[in-house]
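What follows is a single structure, written as structure tokens, with notes after it.
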Amino acid sequence: MAAETPFPGSERPVIVWLRDDLRLSDNPALTAAANCGRRIICVFVHDEESEGLRPLGGAARWWLHGALQEVDNALRARGGRLCVYRGVASAVMPQLAADSKAAAVYWNRRYGAGERRVDEAVKTALKTQGIEAKSFNGHLLYEPWSIKTKSGTPFRVFSAFWRAAHEAGEASQPLDVPSRLNLFHGPCRQASTPRVELADLALEPSSPDWAGGLRSNWRPGEAGALAQLEFFLEEHLNEYADLRDFPGRLATSRLSPYLRFGNISPRQLWHAAEAAANAATNPGVHRNLEKFRSELGWREFSYHLLYYNPEISSQNLQTRFDGMPWRTDADAIRAWQLGKTGYPIVDAGMRELWTTGWMHNRVRMVVASFLVKHLLIDWRQGEAWFWDTLVDADPANNAASWQWVAGSGADAAPYFRVFNPVLQGEKFDPDGRYVKRWLPELDGVSSSVVHRPWQRGSKVEVYPERIVEHDFARQRALDAFKGLG
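Position 323 of the sequence shown, counted from 1, bears residue number 323 in full-length UniProt numbering, the numbering being contiguous throughout.
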């Protein structure tokens, strides 16, 4: 029996397949659908079955639930709804298109190898059915293949990549929310592709519910993204370059999870920051603007690396690190995860991560260096922990950043650069504001010794002993690196 459809043949709809672009503004696929004049069905497919797709970690699943709920709310306010499905996307999407007699399916592109295989399979199936399949750039300023060296090869050095990106031209202007969205508001229940409720995806934790800290610190979705952008531009853009490395100061943008799930686009950030800088009276604001833009550039570079190195989360980009003598030490890993290493800046960062699903970028570098170099534990174990606990766990940024710290990546920090966690704390958290926030057991310790509480006269009985001594760990790491040849 043929599936029933609410659309007569003359009114064939267009499906917008939402993924990492959970917003209505600056959404090229949605705008293209609106410009068609056809009825629009907005669809999300939760695919945890396709080969090559990495399942989301717990914190990211929590964020995804909130972002999907916000998209559904925004569509309902405009007379539509978000139709949610579950299953293998390469099977669900063509069947849904057939069931609804769709004229076209539009989506914004993804860049991981598994995601691209799924998208190509969907595109092939749709074209076989005579249904238009069209994709757009809604996730990056510059897609990976658009920026290449003069010899036509991918970039391996960020500075050269970013110069070439600038030479490629200014990022295009973001798109407004379409003024008219002819949204489908029916039940989305075709016979062979049953819709599910958002709650059926079980994205939020229940037993136990560990997401209280996430809820109190974040507002997932497009409205939250725009509010956070406005706050950052008004309050912190003017001091961004000077204060972004100090975790005790709220000087970073905190926009990374919104970018991860496409609640806001990099084009929106690029041009909003430029407009704010041009309107500012402080002549030094443009230095802050360029620093902020360069951080967007690192995100672009990470996606460049992901596209040309699909196994970046599991394989060393520099193969000589395949011979690294990583240690197996379950107790040390657990102490690192729980924020009980005995080094305040490391422990504060790990406890911030566990509570809020986020960690200050400077501290991310310190805790990653500590795991890889002080403990000599494979960077992949740290990357996996971040993948599970970060609300902004990004398939490109997370892996590229861990490889950068480990020294195994493209344009990586030299392996022999071993962050001293005491000196890092004293330099970037000189008054102990950050560590005391996350380590209340150090609240009464003088700021002069708060980053070395083991010193005589300042030892805190309830704070853990150091699990490794810095000088010993540094030398062990250097010896291991020298052994690679």
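In this text, a Cβ means the ideal position worked out from N, Cα and C, and glycines have one as well.
Annotation for alanine 384: the continuous alpha helix (DSSP H) segment containing it runs 379–389.
For histidine 286, the secondary structure class from DSSP, reduced to helix, strand or coil, is helix.
Arginine 86 sits in a strand when the DSSP states are folded into three classes. Under the 10 Å beta carbon count, threonine 124 is surrounded by fewer than 16 other beta carbons and is classified as exposed.
Secondary structure note for phenylalanine 370: it is in no alpha helix (DSSP H), with a DSSP letter that is neither H nor E. With contacts defined by Cβ atoms closer than 9 Å, aspartate 47 and alanine 89 form a contacting pair. Contact annotation: valine 84 and leucine 24 have beta-carbon atoms that are not nearer than 9 Å. In the three-state reduction of the DSSP assignment, lysine 101 falls in the coil class. Separation of isoleucine 345 and glycine 152 (C-alpha to C-alpha, rounded to the nearest whole angstrom) is 43 Å. Within the stretch 267–339, the runs of alpha helix (DSSP H) that reach at least 4 residues and sit entirely inside it are, in chain order, 285–308 and 330–338.
Histidine 236 and asparagine 288 have their alpha carbons spaced roughly 9 Å apart. Here the stretch 395–405 lies against the stretch 358–369, with 3 or more beta-carbon pairs under 8 Å apart. Taking a contact to require three or more Cβ pairs closer than 8 Å, the stretch 51–69 and the stretch 250–267 qualify as touching. Taking a contact to require three or more Cβ pairs closer than 8 Å, the stretch 370–378 and the stretch 319–333 qualify as touching.
For alanine 396, no alpha helix (DSSP H) segment is defined, and its DSSP state is neither H nor E. Counting along the chain, leucine 226 sits inside the alpha helix (DSSP H) bounded by residues 222–235. About 6 Å separates the beta carbons of alanine 272 and leucine 233, which is inside the 8 Å limit, making them a contact pair.
Glutamine 475 counts as exposed, since fewer than 16 other beta carbons sit within 10 angstroms of its beta carbon.
Tyrosine 106 is bridged by DSSP to Val16 and Lys134. In this structure, Ile41 is the residue among Ile41, Asp245, Phe386 and Arg417 with its C-alpha nearest to the C-alpha of arginine 76.
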